[in-house]
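Protein chains in written order, with our numbering: chain V, 223 to 650; chain U, 223 to 650. C-beta: ideal position from N, C-alpha, C; glycine also. Down below is the structure, laid out as structure tokens.
Number of protein chains: 2
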Amino acid sequence: MKIVYFDDMSQDDLDTKYLNRGDTANNEIDAIVDQILKEVKRRGDAALQEYTLKFDGVTLSNIRVSQEEVEEAFSKVEPEFVAILKEAKENIWYYHEKQKQNSWFRNPSENIILGQMVTPLERIGIYVPGGKAAYPSTVLMNAIPALVAGVDSIAMVSPPNKEGKLNPYVLVAANLCGVREIYKVGGAQSIGALAFGTKTIPPVDKIVGPGNSYVAMAKKKVYGSVDIDMIAGPSEICILADNKGNATFIAADLLSQAEHDEDAGVILVTTSQELAEKVQEEVKRQAALLIRKEIIQKSLKNHGYIFVVPDLEIGFRLVNKIAPEHLELMVDSPFDALSKIKNAGAIFLGAYSPEPLGDYFAGPNHTLPTGGTARFSSPLGVDDFIKKSSIIYYNRSALDQARDQIIYFAEKEGLTAHANAIRVRDKG
Amino acid sequence: MKIVYFDDMSQDDLDTKYLNRGDTANNEIDAIVDQILKEVKRRGDAALQEYTLKFDGVTLSNIRVSQEEVEEAFSKVEPEFVAILKEAKENIWYYHEKQKQNSWFRNPSENIILGQMVTPLERIGIYVPGGKAAYPSTVLMNAIPALVAGVDSIAMVSPPNKEGKLNPYVLVAANLCGVREIYKVGGAQSIGALAFGTKTIPPVDKIVGPGNSYVAMAKKKVYGSVDIDMIAGPSEICILADNKGNATFIAADLLSQAEHDEDAGVILVTTSQELAEKVQEEVKRQAALLIRKEIIQKSLKNHGYIFVVPDLEIGFRLVNKIAPEHLELMVDSPFDALSKIKNAGAIFLGAYSPEPLGDYFAGPNHTLPTGGTARFSSPLGVDDFIKKSSIIYYNRSALDQARDQIIYFAEKEGLTAHANAIRVRDKG
Numbered sequence: 223m224k225i226v227y228f229d230d231m232s233q234d235d236l237d238t239k240y241l242n243r244g245d246t247a248n249n250e251i252d253a254i255v256d257q258i259l260k261e262v263k264r265r266g267d268a269a270l271q272e273y274t275l276k277f278d279g280v281t282l283s284n285i286r287v288s289q290e291e292v293e294e295a296f297s298k299v300e301p302e303f304v305a306i307l308k309e310a311k312e313n314i315w316y317y318h319e320k321q322k323q324n325s326w327f328r329n330p331s332e333n334i335i336l337g338q339m340v341t342p343l344e345r346i347g348i349y350v351p352g353g354k355a356a357y358p359s360t361v362l363m364n365a366i367p368a369l370v371a372g373v374d375s376i377a378m379v380s381p382p383n384k385e386g387k388l389n390p391y392v393l394v395a396a397n398l399c400g401v402r403e404i405y406k407v408g409g410a411q412s413i414g415a416l417a418f419g420t421k422t423i424p425p426v427d428k429i430v431g432p433g434n435s436y437v438a439m440a441k442k443k444v445y446g447s448v449d450i451d452m453i454a455g456p457s458e459i460c461i462l463a464d465n466k467g468n469a470t471f472i473a474a475d476l477l478s479q480a481e482h483d484e485d486a487g488v489i490l491v492t493t494s495q496e497l498a499e500k501v502q503e504e505v506k507r508q509a510a511l512l513i514r515k516e517i518i519q520k521s522l523k524n525h526g527y528i529f530v531v532p533d534l535e536i537g538f539r540l541v542n543k544i545a546p547e548h549l550e551l552m553v554d555s556p557f558d559a560l561s562k563i564k565n566a567g568a569i570f571l572g573a574y575s576p577e578p579l580g581d582y583f584a585g586p587n588h589t590l591p592t593g594g595t596a597r598f599s600s601p602l603g604v605d606d607f608i609k610k611s612s613i614i615y616y617n618r619s620a621l622d623q624a625r626d627q628i629i630y631f632a633e634k635e636g637l638t639a640h641a642n643a644i645r646v647r648d649k650g
Numbered sequence: 223m224k225i226v227y228f229d230d231m232s233q234d235d236l237d238t239k240y241l242n243r244g245d246t247a248n249n250e251i252d253a254i255v256d257q258i259l260k261e262v263k264r265r266g267d268a269a270l271q272e273y274t275l276k277f278d279g280v281t282l283s284n285i286r287v288s289q290e291e292v293e294e295a296f297s298k299v300e301p302e303f304v305a306i307l308k309e310a311k312e313n314i315w316y317y318h319e320k321q322k323q324n325s326w327f328r329n330p331s332e333n334i335i336l337g338q339m340v341t342p343l344e345r346i347g348i349y350v351p352g353g354k355a356a357y358p359s360t361v362l363m364n365a366i367p368a369l370v371a372g373v374d375s376i377a378m379v380s381p382p383n384k385e386g387k388l389n390p391y392v393l394v395a396a397n398l399c400g401v402r403e404i405y406k407v408g409g410a411q412s413i414g415a416l417a418f419g420t421k422t423i424p425p426v427d428k429i430v431g432p433g434n435s436y437v438a439m440a441k442k443k444v445y446g447s448v449d450i451d452m453i454a455g456p457s458e459i460c461i462l463a464d465n466k467g468n469a470t471f472i473a474a475d476l477l478s479q480a481e482h483d484e485d486a487g488v489i490l491v492t493t494s495q496e497l498a499e500k501v502q503e504e505v506k507r508q509a510a511l512l513i514r515k516e517i518i519q520k521s522l523k524n525h526g527y528i529f530v531v532p533d534l535e536i537g538f539r540l541v542n543k544i545a546p547e548h549l550e551l552m553v554d555s556p557f558d559a560l561s562k563i564k565n566a567g568a569i570f571l572g573a574y575s576p577e578p579l580g581d582y583f584a585g586p587n588h589t590l591p592t593g594g595t596a597r598f599s600s601p602l603g604v605d606d607f608i609k610k611s612s613i614i615y616y617n618r619s620a621l622d623q624a625r626d627q628i629i630y631f632a633e634k635e636g637l638t639a640h641a642n643a644i645r646v647r648d649k650g
């Protein structure tokens, strides 16, 4: 990791010089995804079959996961892991439950009712990546906020392996959440199916979940006819530490992000030159012992920075400018520091709240805004699975009283039919 | 308006056959907007000047609105309109205030704190269209939720007229809201300036406000580096009425939407054949008397439908499938009907709550999801100007207790550096 002295917050080249964020347009993927979506829209299930053969190397007569397949999955998963999944589910449920919002009404006068009605989305789709690693945590983190919000109908899609099976850990996690509608289809084709619907898969109102660049591009393209969650960029961690920071802990946490992806962003901001050097050494030492060290070393080389700042105030400003996905506050009084943080997806306080705690277990969602979008975006949560409707009730007397003002306003905006809609009620 | 008998909710061609919603891709606008954004990014203020000359026909040495210009605007606006604006501002503030969300914490055990911190966006931009009509309501409806959310810094942009001036009603509305940073620049170039920043206009975190197709395209293109509100399609009204509906009121309300735009969607859903015919007549009669009758007649011809349904239950299902921007419930017990409504931007209850009431005055926002996006989107509101951060604090004892589960989970997902970040704390 490179050590950089950072004392000039006026410099605007943070993004371009260090963070290397920005567009990753890819015309080739664009064209392929366009074609896949078009075919799925036009030919439905037949197109799904063809692409599943082409990309996943298997032909499936029935893409819906059966009860037998779920039972088979349970037989393959260790009972102690089922217990851990249940505990994680409870923690995640407990946290998200607090995010529920209520409908409300106000009465500005006895003749008027104004309100906001909160309703769940009717039907959503969850994408769960396939490949070698199993991601049961993806299932929990996407399904539980939808369930808490009250979504009735949840469809899950995931690409099958060459034997036409889904990962048993993923199936078990889905079953524990009560997700019963699961399809063995992945890639851009599955996004097309969820968005447009096919004979087998009824269309949804929103698609959530992580995926490769084809899936991300497909989600971007269907956005508008359905809603999507954020398009996640590479994972990021930023740790803010003063001179009391523990170099071993800090290095381990930085490395836990670096193992995700060669493009992962790994940043330490510290007031201590001594700590900076210790972490630099410690990262080297620990990285050499880790299984995913090749990925880690690329990520550190390209996206690993230790910024040494003159004081914590400049540290806070730098952190807010970075707007990291994950922020660890390894400072003397982390709760005092909280009020200085404006932009961050998830904030971990103190030495015993390492980022991996948030990935599976503590309860908050692990789907977080990346690439600086924490400036304006929030973690995935119950909010993503509800929508609001304004409620307006005036009785005749209330409308009479507001009559002149509305007519004046409408005519000032040149909209005389609006004024007419008020006037016709004079005689009503 | 065409009368259509609608009793078969299984038909899937509602969108394509009647509502005519969907993509309105325009490659020419696409290319022009790309070029404008590129130039603004590269050359900043110089590009703004050139495009302002090209599109607005005026050269401005200083695009920022001065105190003198605001005073001049006040001298041109009727004092009674200033009073109405103030009253509308109070109503809108009163409604949006209730939308504020609080940060919260939970303690699942005495060693754990989990929470969610709510913070306002730091800086936003508001686009206000120019042209002949003045839209002071746009200013109120976009600025007030941002102010209630606690946004510190608001920039407003609007295209100047040939004399290099902004509409005085718009300036007065902005001043009443406390918006002091106003620029005389419009079109795609102003969106580029807000997104990337120029020497004169510092960049923002989110851009809101309606605009023509160039503005909408530009917003779509900068989305990601900044946030945007929804891309609004043509305005829509849907009225659900039983046999007690007042044909005069219904016709007037339908026409008030139709005058917005030749593409406006205008729909009555009713259980009464008799009412359907009366409204059809009444629409003809009233339309002939209205100033904007040419726009109205085109909108009615292309997008005006009266759906006669066998009963209210099918009516509710049809309404939910349409997911209209504005819904008026002109039924016997509108509050009872509310629980049947799942998808609608704003819901107006009873005979004396006409849609124009919501455009200016009652308080709820007039920026609403169009084109069926009420299935998953909400009215513009305070939510659009805040973001949330997850808060996670475990002390050593809490982490010790969760240690085994997290390590097991991480290793099951193949992420051993995650497990390592927990293990190093054993010795801490």
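Beta-bridge partners of U/Trp-315 (DSSP): none assigned. Listed by position along chain U, the residues whose Cβ is nearer than 8 Å to that of V/Leu-579 are Ile-614, Tyr-616, Leu-621, Ala-624, Ile-628 and Ile-644. For V/Ala-510, the closest Cβ of chain U is not nearer than 8 Å.
Taking a contact as a CB-CB distance under 8 Å, the pair V/Asp-483 and V/Pro-381 does not count as one, their CB atoms being some 19 Å apart. Secondary structure at U/Asp-449: strand, using DSSP grouped into helix, strand and coil. Assignment of U/Gln-323 by DSSP, reduced to helix, strand and coil, places it in the coil class. For V/Gln-519, there are no neighbours in chain U by C-beta distance under 9 Å, as the nearest C-beta there is about 12 Å away. Here V/Thr-360 carries a helix assignment [DSSP, helix/strand/coil]. In the DSSP assignment, V/Ala-377 falls outside any alpha helix (DSSP H) and within the unbroken beta strand (DSSP E) covering 375-380. Beta-bridge partners of V/His-548 (DSSP): V/Ile-459 and V/Ala-568. V/Thr-420: not part of any alpha helix (DSSP H); DSSP gives it neither H nor E. Uninterrupted beta strand (DSSP E) stretches at least 3 residues long and entirely within the region 594-630 of chain V occur at 608-616, given in chain order. Following the DSSP letters along the chain, one finds V/Ile-346 inside the beta strand (DSSP E) bounded by residues 345-349. Below the 8 Å Cβ cutoff, chain V contributes Tyr-616, Asn-617, Arg-618, Ala-620, Leu-621, Arg-647 and Gly-650 as neighbours of U/Tyr-574, in chain order. For V/Pro-342, the enclosing beta strand (DSSP E) has its first and last residue at 334-342. Fewer than three beta-carbon pairs drawn from the region 600-617 of chain U and the region 484-504 of chain V are found closer than 8 Å, and the two stretches are therefore not classed as touching.
Put simply, the region 620-632 of chain V does not touch the region 337-345 of chain V. Fewer than three CB pairs are less than 8 Å apart. Secondary-structure assignment with DSSP links U/Glu-403 through a beta bridge to U/Ala-377.
Against chain U, the beta carbon of V/Leu-336 has neighbours under 7 Å at Tyr-317, Ala-584, Gly-585 and Pro-586, listed in chain order. Under the three-pair Cβ rule at 8 Å, the region 370-378 of chain V does not count as touching the region 254-272 of chain V. Around U/Leu-511, the same chain offers no residue with a beta carbon nearer than 6 Å, after the five sequence neighbours per side are excluded.
By the Cβ-count criterion, U/Ser-283 is exposed, with fewer than 16 other Cβ atoms from all chains shown falling within 10 Å of its own Cβ. The beta carbon of V/His-525 sits no closer than 8 Å to any beta carbon of chain U. Looking from the CA of U/Leu-571, the closest CA among V/Leu-621, V/Tyr-436 and V/Ile-461 belongs to V/Leu-621. In the three-state reduction of the DSSP assignment, V/Pro-578 falls in the helix class. Under the DSSP assignment, V/Phe-557 falls outside any beta strand (DSSP E), being part of the alpha helix (DSSP H) whose first and last residues are 556-560. Not a single C-beta of chain V is nearer than 8 Å to the C-beta of U/Ala-454. Straight-line measurement puts the Cα of V/Leu-476 at about 17 Å from the Cα of V/Ser-494.
A distance of 8 Å or more separates the beta carbons of U/Pro-578 and U/Glu-547. Under the DSSP assignment, U/Leu-490 falls in the beta strand (DSSP E) whose first and last residues are 487-492. Taking C-beta separations shorter than 6 Å and ignoring five residues to either side along the sequence, V/Lys-260 has no partners in its chain. From the beta-carbon of U/Pro-381, no residue of chain V is found nearer than 9 Å; the closest lies around 17 Å away. Within chain U, Thr-341 and Glu-344 have C-beta atoms less than 8 Å from the C-beta of V/Lys-564, given in sequence order. In chain order, Glu-635 make up the part of chain U whose C-beta sits under 8 Å from the C-beta of V/Tyr-357. For V/Val-448 and V/Val-226, the gap between their C-alpha atoms comes out near 44 Å. Between the region 461-472 of chain U and the region 427-437 of chain U there are fewer than three inter-stretch CB-CB distances shorter than 8 Å, so the stretches are not counted as touching.
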